[in-house]
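What the sequence shown shows, in this note's numbering, is residues 31 to 1236, in sequence order. Don't be surprised by glycine CBs; every beta carbon is placed ideally from N, CA and C. To start, the structure itself, in structure tokens.
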Amino acid sequence: MRTVRSWPRWALLALALQLARPAECLVLLPHGEERGDAALAHGDDVRSTALELSTPLRFYGAAVRSLYITTNGIIAVNQPSSEEKYLGQFPISFGAIAPFMADLDTTDERGTVYYREDSSSDVLQLASDYIKRGFPETTFDPSSVVIVTWKLVAPYLALREDHALEEKRNTFQAVLASSDSSSYAIFLYPEDSLQFYSTYSKKDDKKIPAMVGFSQASTNYYFWEKPGSYNVIANDEDSIRNLHKSSNAGRRGIWVFEISSSSDSIVPAKISNILESLESNEQDQDLTSKPFMSDYGSTEIQQQYVTSSTDSTEEDQHYVTYSVPQLAEEDYLTSYQDVTRTPSTESFYSHQDFPTAKAPPRLFQVQQFPPQQPQVIDVEEFDETGIVFRYNTDVQQTCANNRHQCSVHAICKDYPNGFCCSCIAGYKGNGRQCIAEGSPQRVNGKVKGRIFVGTNPVPIMFENTDLHSYVVMNQGRAYTAISTIPETLGYSLLPLASIGGIIGWMFAVEQQGYKNGFSITGGEFTRQTEVTFLGNNEKLVIKQKFSGIDEHGHLTISTEMEGRIPEIPSGASVHIEPYTELYHTSSSVITSSSTREYTVTEPERDGVASTYTGAYQWRQTISFDECIHDDSHHATSATQQLSVDGVFVLYNRDEQILRYAMSNSIGPISDGSADINRNPCYTGTHNCDTNAICRPGTGNRFFCECSIGFRGDGSICYDVDECSEQPALCGSNAVCNNQPGTYRCECVEGYQFAADGRTCIDIDECQQGHCHPDAFCYNTPGSFSCQCKAGYRGDGFRCVLGEVEKTKCQHEREAALGSGSAFFPREMGVRHFIPQCDEHGNYLPTQCHSGSGYCWCVDRDGNEIDGTRSGPGVRPPCLSTAAPPVVIGPSVRPDTVPLPPGTHLLFAQSGKIEHVPLEGNNMKKNGAKALLHIPDKVVIGVAYDCTDKMVYWTDISGPSISRASLNGGEPTTIIKTDLGSPEGIAVDHLGRNIFWTDSQLDRIEVARLDGRQRRILFDTGLVNPRAIVVDPMRGNLYWTDWNREAPKIETSYMDGTNRRILVKDDLGLPNGLTFDPYSSMLCWVDAGTKRLECMNPNQLGRRKIVEGIQYPFSVTSYGKNLYYTDWRRDAVVAVDRTISTENDNFQPHKRSRLYGITTAFAQCPGGHNYCTVNNGGCTHLCLATPGGRSCRCPDNTVGVDCIERN
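Okay, structure coming up:
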């Protein structure tokens, strides 16, 4: 169908009228610090922290709730990568809006990048006017706009570059306007605002043109990354040069796009009038250079993508409409280029599912066509293939700037065309990844699958299933376990031992002159396997990706399976005979194929167990990166034989665990009769320690040698503690953590490794944008602070324009002065009491009535403290309970608290303590790891000292109480006598004391932090005391007793006085207890009532936060969340107490009961008590109370050296 588009007479008349008008300058939307803009830090490749949006941005059909502003002319929709990964490329993996993407540099204040979100009516109206220029029929009404302005920014310069660029500057602006349902982007380029159109590459002398366009974020799958759709507006110097002269919205320099309409395309403006102020001399100039294309006249091309699989169905095909612009009838109109691209989806079965590098985007070449009618053209594009990515580049690389690509246990060597890495003596690997010879290895990963069993038409699907493998390297024996596999699938997977067999190949015992998989690949490769079962021709495809060694020293693997397998009945056993397999290596690709048999023994029926034999054909391809410069890397025989014996397969239906075990060796093609194959080192029959290397001699002779990092005679090897033997190993501001066979240096909090990977340097948090844009940031060694600018109020993390909000004390004082209202706390017949406030708006601790002369003490809420009222002329010694303002730390509103960096959850899991970092109110689960391994202990209670950054715990197996520094070092037992079953533990970080409960001895005790000066506070009225918490600022102590006959929650002062029952009704098993110092709320979890409840200890009434929880044990608080451990779920569960809803949970990889949990604050809560300074003047124990402190003597102190007083 063809449609003819003609120009009406009114359009030509409008053109004439426009040409007669004088040129009109384009004005950017208001910006700068005077408009409340944040300014991006000056520098090269700087990016902002997340700009949280009040109205989500709709981008390619998805909602974006935060943006990142960068120096390089882009607005990222996800956390951006470093510039070397995206400059000169399109699309961008993290997704971006690019008004002018280039290597820009604002170092030495050569330009500024401003940004803000704005909802003021004048700005919304301006944005709406621009949008309606390009979309005149739209009813779009924005509720929020994001304005980003790159003002007088400079290109990145190097010494060898064109110095003519030094004085050139660019100015441009991007405006993103959003309503609840749609979003638009406006790019503004004022006249003569673009003085350069490309920048030099940091890698070579080539110029890279700027890029204007939109890019959807990539989608990551297990083994490949699918790039998102993208639209290129301009990508060459001529097009960039014309940006300020052209438009798609009827006015020069204005470009408007609807960016929310679909998941694969951006809609350019549909102008309804001719370009304003188009002068004849500029017409000629536009025609002689490469013109932009207007939206008048276009050819639509519908592109169909065909996958490389022969099994493709209609679901595998994606249709995208391309707009290939052309010149309109009037030649003088500038042109607009719009290229839309959606990459193809590759077949699950195709070999190209394992890309290791992204090909550059293939853009349609924009051409100019004579006027014609729109038409539809079908174009087929087939995927490009390419299996291997070798780590060489177009530019010669040397060790000087690539040493970091080699392992720390490797040397780097330059070659004429590049460099290569090689492991040093005592280590095995490919140079980029090296492990100590003979040391046991661990492999961890995840498995997902979609498998049909037998003739069942419904597949069994699973994902996020754990895979763990342990390898005894000097025996070549690999043990692999996969959990949780359902019984309907588990037995049928038994014949596929090679799912774990790939790990056996990686660490097979090497005969002389031959290499196992890790020596060749370094544990970085992809493997695709096709299994064809003979008989019914069922097929299963297995994809595995090995990603090298992680930060814990473990190899990582991801596995994906899809297809159909024969059914093996439940309860059957499978036997696999020893077998051999040939591996052929050629140019970064290893292939092998074989036919294997297995014997199935079915469960007995009537005393008879039938057996049958099955077989399958196994074909696999392994792709990896190799160094092409070093010929010695290719010295390994092109064909090697893997010998596998001792194959053991088992499925445990109770645990739903699938287990494979086998012994592996790699060597020449042989029938097994050669003497070398019988050496104990190759057969695994030696007696070397598991941390030793077996060195073969002649015949059957061998000797054992301890691996690097171990000492001994080879038959017994002991770990070397490098941290103890070399205390200065890690340098200043770093701690050394000993690990089996090695050690690890870690920078203390607030520091990071320098470029050398060894020196710890201060982190300039101010460069990371932690503070609010309207706050000043002050960097200090290992820390930082924030302070709102003049005219703003807040804590530095959140600043709001306007005067500081008045406190309760200030409001009451103003009301009393203005109206004469009575605020006197007790009826004394005297009117007109006026509260007194300090400079921060807090109640003064001592309040006096000007008329009567009476004075009394008040708490932070202005309530009178009982027993403090004094007669006229006498001022009681009142202690202020109001915490002074803190720069870093949560505010008193837990629902909007700006949380400080570096806060963690610490929780006990039997023989270890783990930690989960917190980002805001969210658990950063991918950063969770074990803090301390103490496998012979049963850790119950956990507490944290925020002053010295120490973790304390109770152990009921010893029993004992111990502590360790978060900065590293050995744990120290501080109490190990006269204990029964220590459970709950609490730290008074102000008075420097610990409190704990003992459920066997039925008592509560206190001691100094080092375990000295113990004193029993209570040894009566307790049956099953468990949780205990302190409120150091107010001098209060709280604990639970889960006595089944009379459960209760009690409280006292920290010196043991004023003991009383706080809660006794409607309790079952009150296990956990927490006190939030910011909200003053006391919360508990009850495994009997299955509830989580809170209360203010100073007020009546309880609030049920959540009900119906399973079996909670311990609880802690941070911000608006409560976190509790659950025995049934084996998880840490997060609950938003402001809306009474569970919002997250974390389950450690190893499933077992979780016990105590606490919050490790990055900064101590503000406040003090009478014991804070000089131990309160006490000779021994200083125990805080709400109105002061008590000096108490330890139970074992006799004599006059200890003085007790209140």
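Boundaries of the alpha helix (DSSP H) in which residue i is found, first to last residue
i      : result
Lys162 : 151-164
Met13  : Absent from the model: residue 13. The displayed extent of the chain is 31 to 1236, so no value can be given.
Phe827 : Phe827 -> no alpha helix (DSSP H), and no H or E assigned at all.
Glu517 : 517-520
Ser995 : Careful: Ser995 lies outside any alpha helix (DSSP H), inside the beta strand (DSSP E) at 990-995.
Ser737 : No alpha helix (DSSP H) contains Ser737, which DSSP labels as neither H nor E.
Asn966 : Note that residue 966 corresponds to Asp in the displayed sequence, not to Asn. No alpha helix (DSSP H) contains Asp966, which DSSP labels as neither H nor E.
Asp268 : 267-271
Gly547 : 547-551
Distance, residue j Cα to residue i Cα
i       : j       : result
Pro355  : Asn250  : Unreliable positioning characterises Pro355 in this predicted model, as indicated by a pLDDT of 33, which lies under 50. The coordinate reading is nonetheless provided below. Taking the straight line joining both Cα atoms gives about 32 Å.
Asn997  : Ala973  : 16 Å
Asn746  : Gly468  : Sequence inspection shows Ile at residue 746; the Asn mentioned does not correspond to that position. Ile746 and Gly468: Cα-Cα distance of roughly 13 Å.
Ser437  : Thr641  : 50 Å
Val619  : Ile652  : 6 Å
Pro38   : Ser277  : Reliability of the predicted coordinates at Pro38 is poor, the pLDDT of 39 falling under 50, and the value obtained from them is presented with this limitation in mind. Distance between the alpha carbons of Pro38 and Ser277 is about 21 Å.
Pro1142 : Ile533  : 39 Å
Val1145 : Asn1205 : 30 Å
Pro608  : Gln686  : 26 Å
Glu949  : Leu564  : 53 Å
Asn682  : Leu688  : 7 Å
Asn200  : Ile943  : 54 Å
Gln782  : Phe244  : 34 Å
Arg626  : Met692  : 15 Å
Gly957  : Arg774  : 17 Å
Gln246  : Trp180  : 22 Å
Glu857  : Ala1192 : Only weak support is given to the placement of Glu857: the predicted model assigns it a pLDDT of 36, under 50, and the question is left unresolved by the model.
Ile738  : Glu634  : 51 Å
Ala93   : Val175  : 15 Å
Ile699  : Leu612  : 8 Å
Closer than 8 Å to chain D by CB, residue i
i      : result
Ala994 : Absent from the structure: chain D. Only one protein chain is present.
Residue(s) in a DSSP beta bridge with residue i
i       : result
Arg1089 : None, per the DSSP bridge assignment.
Trp982  : The residue you asked about is not Trp; residue 982 is Tyr in the sequence shown. Partner(s): Ala973, Arg993.
Arg507  : Val502, Ser693
Endpoints, the beta strand (DSSP E) within which residue i is located
i       : result
Ser291  : It is not in any beta strand (DSSP E) - Ser291 carries neither H nor E in the DSSP assignment.
Phe492  : 490-502
Pro1178 : Taken as a continuous stretch (DSSP letters only), Pro1178 belongs to no beta strand (DSSP E), as it is neither H nor E.
Glu1137 : 1133-1137
Tyr1153 : 1151-1156
Ile587  : 585-595
Nearest neighbour of residue i, chosen from the options [CA to CA]
i       : options                            : result
Ser695  : Ile687, Arg708, Arg683             : Arg708
Phe170  : Asn432, Ile964, Ile289, Asn956     : Ile289
Met241  : Glu267, Ser223, Lys232             : Glu267
Ser1011 : Ser1029, Ile1005, Leu1020, Arg594  : Ser1029
Tyr186  : Ile177, Ser212, Arg146, Thr101     : Thr101
Asp1160 : Gln840, Glu1080, Pro1178           : Pro1178
Asp75   : Lys478, Gly1051, Val183            : Val183
Ser1147 : Gly1118, Lys1120, Ala1190, Thr1119 : Ala1190
Val1165 : Ala466, His434, Lys1134            : Lys1134
Ala668  : Ile550, Arg507, Cys734, Lys573     : Ile550
Thr495  : Leu961, His1198, Thr589, Asp222    : Thr589
Ala132  : Glu139, Tyr144, Glu114, Tyr145     : Glu114
Heavy atom of the ligand ZN within 7 Å of residue i beta-carbon
i      : result
Val677 : No copy of the ligand ZN appears in this structure; indeed no ligand is present at all.
Self-check item: Segments of 3+ residues assigned as beta strand (DSSP E) that fall wholly inside the stretch 44-113
Solution: The qualifying runs are 81-89, 92-99.
Exercise. Taking only runs that begin and end inside the stretch 164-239, name each unbroken alpha helix (DSSP H) of 4 or more residues, in chain order.
Key: Within the stretch 164-239, no complete alpha helix (DSSP H) segment of 4 residues or longer occurs.
Quiz item: In chain order, which continuous runs of the alpha helix (DSSP H) of length 4 or greater are located wholly inside the stretch 637-664?
Solution: For the stretch 637-664, not a single whole alpha helix (DSSP H) run of length 4 or above is found.
Self-check item: Runs of alpha helix (DSSP H) lying entirely within the stretch 741-770, each at least 4 residues, in chain order
Solution: For the stretch 741-770, the continuous alpha helix (DSSP H) assignments of 4+ residues that do not extend past its boundaries occur at 752-755, in sequence order.
Self-check item: Contained beta strand (DSSP E) runs [length at least 3] in the stretch 419-478, N- to C-terminal order
Solution: List check, beta strand (DSSP E) in window: 440-445, 448-453, 457-459, 464-466.
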